[in-house]
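Enquirer: I'd like to ask you about the structure that follows.
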Amino acid sequence: MVQPVAIVTGESAGIGYEAARKLAGNGSSVYAGARGWTGWTR
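The numbers in the sequence shown follow the working numbering, run straight up by one, and end at 271.
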């Protein structure tokens, strides 16, 4: 089975952050693009 992949920009805060969390929680591999990584651990 193929795992879904998501590319989300602006993930350091706000809507981008929440979108990335939801996508990852639903089993997608998330590739993040953001200016800062404060608060991210993985």
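Every residue, glycine too, gets a C-beta built ideally from N, C-alpha and C. This one's a predicted model, so the numbers in the text were calculated from it and none came from an experiment.
#1: For Arg264, which residues from the same chain have a beta carbon less than 7 Å from its beta carbon, with the 5 sequence-adjacent residues on both sides left out?
#2: Report the three-state DSSP secondary structure of Ala261 (helix, strand or coil).
#3: Note the first and the last residue of the continuous alpha helix (DSSP H) segment covering Ala253.
#4: Straight-line CA distance for Ser258 to Ile236?
#5: Hey, quick one: how far does the beta strand (DSSP E) through Val231 stretch, first residue to last?
Expert: Based on what the coordinates show:
#1: The answer, listed in chain order, is Ser241.
#2: strand
#3: 243 to 254
#4: About 9 Å.
#5: No beta strand (DSSP E) contains Val231, which DSSP labels as neither H nor E.
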